[in-house]
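Heads up: the sequence lines are chains A and B, in that order. Note that our numbering gives residue 239 to position 246 of the first sequence, counting from 1, and the numbers run on in steps of one. Note that our numbering gives residue 136 to position 143 of the second sequence, counting from 1, and the numbers run on in steps of one. Report on one structure; see the data block that follows.
2 protein chains.
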Amino acid sequence: MSTTITQIKKAYDAAPRLRAMSDKQLRQMLLMLADELEKQQKSLLKANSLDLAKQDPGNPRTDRLRLDEKRVRAIAQSIRKVSRLPNPAGRILEKRTLNNGLRLEKVAVPLGVVGAIYESRPNVTFDIASLCLRSGNACVLKGSSEADHSNRAAIRIIQQVLRKNGLPAAVVTLLPSEREIVQDLFTATQYVDVLIPRGSDELIRFVRQNSLVPVIETGAGVCHVYVERKADIGKAVKIVVNAKVSRPSVCNAMDALLVDESIANTFLRQLQPALGQYQVEIFADPAAYKILKGYPHLKKATLADFGREFLDLKCAVKIVKDAGDAIIHIRKYSTKHSEAIVTEDKKQAEYFLREVDAAAVYHNASTRFTDGEEFGLGAEIGISTQKLHARGPFALEKLVTEKWVIRGNGQVR
Amino acid sequence: MSTTITQIKKAYDAAPRLRAMSDKQLRQMLLMLADELEKQQKSLLKANSLDLAKQDPGNPRTDRLRLDEKRVRAIAQSIRKVSRLPNPAGRILEKRTLNNGLRLEKVAVPLGVVGAIYESRPNVTFDIASLCLRSGNACVLKGSSEADHSNRAAIRIIQQVLRKNGLPAAVVTLLPSEREIVQDLFTATQYVDVLIPRGSDELIRFVRQNSLVPVIETGAGVCHVYVERKADIGKAVKIVVNAKVSRPSVCNAMDALLVDESIANTFLRQLQPALGQYQVEIFADPAAYKILKGYPHLKKATLADFGREFLDLKCAVKIVKDAGDAIIHIRKYSTKHSEAIVTEDKKQAEYFLREVDAAAVYHNASTRFTDGEEFGLGAEIGISTQKLHARGPFALEKLVTEKWVIRGNGQVR
């Protein structure tokens, strides 16, 4: 058994101890963790400065890696928020008595051991640990070597709190940061119940292609807003601008705008100054290009610009014939994340909401709302674009599995 | 694009047409399928005889492959039963209005395209197709080459019915039976939403190790019955005998019996004649061996006999100190399928039900009840021993995913 597998097995062995804690104990442990984090922030910031010292300060990754007092306070606050969320484990999902007298219950229970592989942000260590602790799950964490000092300091604080609460430290286990150890995680089907990659597309693809442990994928968003012929132009401009510019670097930002041909002229002319204010670069199809001629940041779209996640102040624009045409386009290019229609025609709206296959579909609202906090689910691990187990915001409520509990008095089949 | 991928894409393109059907239409289509199957059974039986002619009649696989009038009638009846099950798609799982006025709904919707890879039984073609059609899912099926004539005849009947209902035949697609084509299925993440292997452990492992499409695994069952010190001996004998002998070849049959040391003597002496009647071979640990000495089918257990799925009139027996000891043993050897405790002590029972991590946990009942029909869920695809999406009987109700539908009036973030 490799050292890593031994570590993973320890987390597996420790998991039942955590499951035995009461809801109140779990909440209090998280509050204690938030307090300890604030008390011990010096040690964390010191460790973080060792990680930062190895980085090129100009690199955007360096900012993601950086912790400061404000960020630590934000982490502590987010742990306190998680402590206030209801524990998804323990809920009775179904209850039934069979004709033979057997009493059946389907109960939500913790998954067991959650594995996570993530990149430079050290706050992820606290995010995942607190969500797992709240829901009674042990976890094994694999951070990046860039953040290793920070992650180890984080784990020291977390494990202190675990011990103070009478739990084995292995309940939250930090694995070595060397890349090779992921192979042990990928094959640990006996001990790890789900593996969550969090970071770049490349990381997510690598995990999906190699893990034998089931993966929950939080993927890229190629999101569309379709402005239908009966759209309220004012609303449409507001929604499109918000979906594009309010935070272009995130997965629920709009990437492509589809406009009904019958209102394309009117709408695009009104949209132009609004997007121009933010210097949004537009990749337009031939029909849209004609209308937008004169817009200072206009490019001709290539085929590759549709289906592209820009993560930037850029978007593709295409003129479509009708809702059916828009739906076909979305079906082809969307990553099934968030898709919106803007219209005052209820029938067309319902048709779009029904036909478009995505984690979140919107009528007259910005795609930017796809988010655990916004939906009232609390902190999320990411937006799942797969269809099994979790779809859309992957939050605390999904860190459980089901268990059938059957009580009888001697029944046989 | 390979021919197979083209076929898979056709199923994907056809899926929305199926989703647009009403619940009544879906039910009636299944009833029509059952009728057509009975009407056209000659063509199916003829095709089946071509498959059978290639087989060694002495091979047990040949029996699994065989269809006859009685089996066809059973398939038709099971299709009718599926038609009566409630459609899991369309249910509203959550409904909420946010402070900003956005109206949120989480709705159950069909997965889209279900892929299935299975072995010789031709009834699986009808089983999977009918469950998929009932829940609004298209499917792509890959049967074995042994059953290819039968499967093609089955698909001809199914596709006739689809066409009569105005649907594209591609809604239920049979892929070529050559083994190599599974590679196309494994990588078709764009078109296939879930892949279900149904058959041997080897097949399931192969699919899990190679598929990029998410897999739902229906695995082996190493099931335990623990007879606690406060067990009612009569009940315990009845439950153990039933769990072992009522159908030893299935995954919910008992593989290992754990007996509390304080009642081992009394209990095993009463169990002995009951199991002896069925000539159950016992692999006993040293303590049980002593008590059972004289039992005609007694062997000394090796370590490998614990954690072994016998699928036969065989079982392992071990004496344990107490419930804690039993739970530790189960945690080590179980496949997390079905586990039972027999006791009149409610506290010990609840402790066992809580601590044992399995898809189904039983108090005073046989493990043999773990089954979709028994649980009232209808026909099942198998018993899922994984924890994501479906756990325990994997039936119609799990052939859906979720979709967040958000209705607004211009909200931006």
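Just so it is clear, CB atoms sit at the ideal spot from N, CA and C, and this is done for glycine as well.
| field | Those residues which DSSP pairs with L78/B across a bridge | value | Along the second sequence, read from residue 1 onward, the residue named residue 78/B stands at position 85. The partner list for L78/B (beta bridge, DSSP) is empty, contrary to what the question assumes.
| field | Helix, strand or coil at V273/B according to DSSP, with G and I counted as helix | value | On the second sequence, position 280 is the one that residue 273/B refers to. Looking at V273/B - three-state DSSP - the assignment turns out to be coil, as it is neither helix nor strand.
| request: Hey, could you find the ends of the alpha helix (DSSP H) P190/B is sitting in? | output: Residue numbering aside, residue 190/B sits at position 197 when the second sequence is read from its first letter. Looking at the DSSP string, P190/B is not in any alpha helix (DSSP H); the run it does join, the beta strand (DSSP E), is V187 to R191.
| said: Using a 10 Å radius around the Cβ and a threshold of 16 neighbouring Cβ atoms, would you call V243/B buried or exposed? | reply: Taking the second sequence and counting its residues from 1, one reaches residue 243/B at position 250. So V243/B counts as exposed.
| message | I'd like the span of the alpha helix (DSSP H) that includes I209/B, first residue to last. | response | On the second sequence, residue 209/B is found 216 positions in, with the first residue counted as 1. That residue, I209/B, is in no alpha helix (DSSP H); it is neither H nor E in DSSP.
| message | Using DSSP's beta-bridge definition, name the partner residues of Y111/A. | response | As a working note, residue 111/A is residue 118 in the first sequence. Bridge partners of Y111/A: R191/A.
| message | As a quick exercise: from A309/A, V133/A, V102/A and L60/A, pick the residue whose alpha carbon is nearest that of A277/A. | response | Against the first sequence, residue 277/A aligns to sequence position 284. The shortest Cα separation from A277/A among A309/A, V133/A, V102/A and L60/A belongs to A309/A.
| query | How would you call D186/A, buried or exposed, if buried means at least 16 neighbouring beta carbons within 10 angstroms? | reply | Sequence index remark: in the first sequence, residue 186/A carries index 193 (1-based). Result: buried.
| request: Evaluate the contact criterion for the segment 170 to 190 of chain B versus the segment 132 to 148 of chain B: three or more CB pairs, one atom per stretch, below 8 Å. | output: yes
| query | Going by other Cβ atoms of all chains shown within 10 Å of its Cβ, with 16 needed for buried, is L60/A buried or exposed? | reply | As a position in the first sequence, residue 60/A is number 67, starting the count at 1. So L60/A ends up on the buried side.
| message | Output needed in chain order: residues of the segment 17 to 48 of chain B with a Cβ under 7 Å from some Cβ in chain A. | response | none
| Selected residue, minimal CA-CA separation from H382/A, among L285/A, A352/A and T363/A | As a first step, residue 382/A must be located in the first sequence, where it is residue number 389. When only C-alpha atoms are compared, the closest one is A352/A.
| How long is the line joining the alpha carbons of K293/B and L285/B, rounded to whole angstroms? | As a first step, residue 293/B is located in the second sequence; it is residue number 300 there, counting from the start. As a first step, residue 285/B is located in the second sequence; it is residue number 292 there, counting from the start. Those two C-alpha atoms are separated by around 11 Å.
| task | Could you name the residues that DSSP lists as bridge partners for Q404/B? | result | Taking the second sequence and counting its residues from 1, one reaches residue 404/B at position 411. Partner(s): A358/A.
| Interface flag, L97/B vs chain A, CB-CB below 8 Å | The residue labelled residue 97/B in the question sits at position 104 within the second sequence. It does; some Cβ of chain A falls within 8 Å.
| query | When DSSP labels each residue in this structure, what does V164/B get in the three-state scheme? | reply | Taking the second sequence and counting its residues from 1, the one referred to as residue 164/B is at position 171. Helix at V164/B.
| task | Compare the C-alpha of L58/B against each of A163/B, I110/B and G136/B and name the closest. | result | In the second sequence, the residue the question calls residue 58/B occupies position 65. Of the candidates A163/B, I110/B and G136/B, the one whose C-alpha sits nearest the C-alpha of L58/B is G136/B.
| task | Determine which residues of the segment 189 to 204 of chain B have a Cβ less than 7 Å from any Cβ of chain A, and write them out in chain order. | result | R201 and Q202
| message | Assess contact between the segment 216 to 231 of chain A and the segment 186 to 204 of chain A, defined as three or more Cβ pairs (one per stretch) separated by less than 8 Å. Is contact present? | response | no
| message | Within 10 Å of its beta-carbon, does D120/A have 16 or more other beta-carbons around it, so buried, or fewer, so exposed? | response | Residue 120/A sits at position 127 when you count from the first residue of the first sequence. Looking at its Cβ environment, which holds 16 or more other Cβ atoms inside 10 Å, D120/A is buried.
| said: Assess contact between the segment 83 to 97 of chain B and the segment 357 to 376 of chain A, defined as three or more Cβ pairs (one per stretch) separated by less than 8 Å. Is contact present? | reply: yes
| field | Under 7 Å by beta carbon: chain B residues contacting P81/A | value | Numbered from 1 along the first sequence, position 88 holds the residue referred to as residue 81/A. Chain B residues near P81/A: none, gap ~13 Å exceeds 7 Å.
| Closest by C-alpha distance to R361/B, when choosing among G403/A, I334/A and I321/A | Position 368 of the second sequence, counted from the first residue, corresponds to residue 361/B. Comparing Cα positions, the closest option is G403/A.
| field | Beta-carbon proximity list for Q341/B, same chain, < 6 Å, skipping 5 on both sides | value | Here the question's residue 341/B lines up with position 348 in the second sequence. Here the set comprises E221 and A316.
| request: Let me know if M(-6)/A comes out buried or exposed under the rule of 16 or more other beta-carbons within 10 Å of its beta-carbon. | output: Your numbering for residue -6/A matches position 1 in the first sequence. By the neighbour-count rule (16 or more Cβ atoms within 10 Å), M(-6)/A is not buried but exposed.
| task | Mind listing, in chain order, the continuous beta strand (DSSP E) runs of no fewer than 3 residues lying wholly within the segment 290 to 356 of chain B? | result | 291 to 293, 307 to 313 and 331 to 335
| query | Buried or exposed: where does K283/A fall if 16 or more other Cβ atoms within 10 Å of its Cβ makes it buried? | reply | To locate residue 283/A, count along the first sequence from 1; it is residue 290. So K283/A counts as exposed.
| Below-8 Å beta-carbon distance, F368/B vs any chain A residue | The sequence position of residue 368/B within the second sequence is 375, counting from 1. At least one chain A Cβ lies under 8 Å of F368/B.
| If you run the structure through DSSP and keep just helix, strand and coil, what is Y184/A? | Working through the first sequence from its first residue, we reach residue 184/A at position 191. Reduced to three states, the DSSP call for Y184/A is coil.
| query | Mind checking if A10/A is an interface residue toward chain B, Cβ cutoff 8 Å exclusive? | reply | By 1-based counting over the first sequence, the position of residue 10/A is 17. It is Arg, not Ala, that sits at residue 10/A in the sequence shown. Cβ-Cβ to chain B under 8 Å: no for R10/A.
| Is the CB of K311/B under 8 Å away from at least one CB in chain A? | Within the second sequence, residue 311/B is the residue found at index 318, counting from 1. It does not; no Cβ of chain A falls within 8 Å.
| query | Would a check of beta-carbon distances place E395/B closer than 8 Å to chain A? | reply | Translated into the one-based positions of the second sequence, residue 395/B becomes position 402. Judged by the 8 Å Cβ criterion, E395/B is in contact with chain A.
| Mind checking E210/A: buried by the 16 CB within 10 Å criterion, or exposed? | Here residue 210/A corresponds to residue number 217 of the first sequence, with the count starting at 1. Buried.
| query | If you compare alpha carbons, which of Q272/A, E31/A, A7/A and V164/A is closest to L124/A? | reply | For the purposes of this step, residue 124/A is identified with residue 131 of the first sequence, where counting begins at 1. Cα-wise, what sits closest to L124/A is V164/A.
| In angstroms, rounded to a whole number, what distance separates the CA positions of R191/B and F199/B? | The residue given as residue 191/B occupies position 198 in the second sequence. The residue given as residue 199/B occupies position 206 in the second sequence. Whole-angstrom Cα-Cα distance: 11 Å.
| Excluding sequence positions up to five away, which residues of its chain have a Cβ less than 6 Å from the Cβ of A82/A? | Walking along the first sequence from the start, residue 82/A turns up at place 89. Contacts found: A101, V102, P103, S128, G129 and V393.
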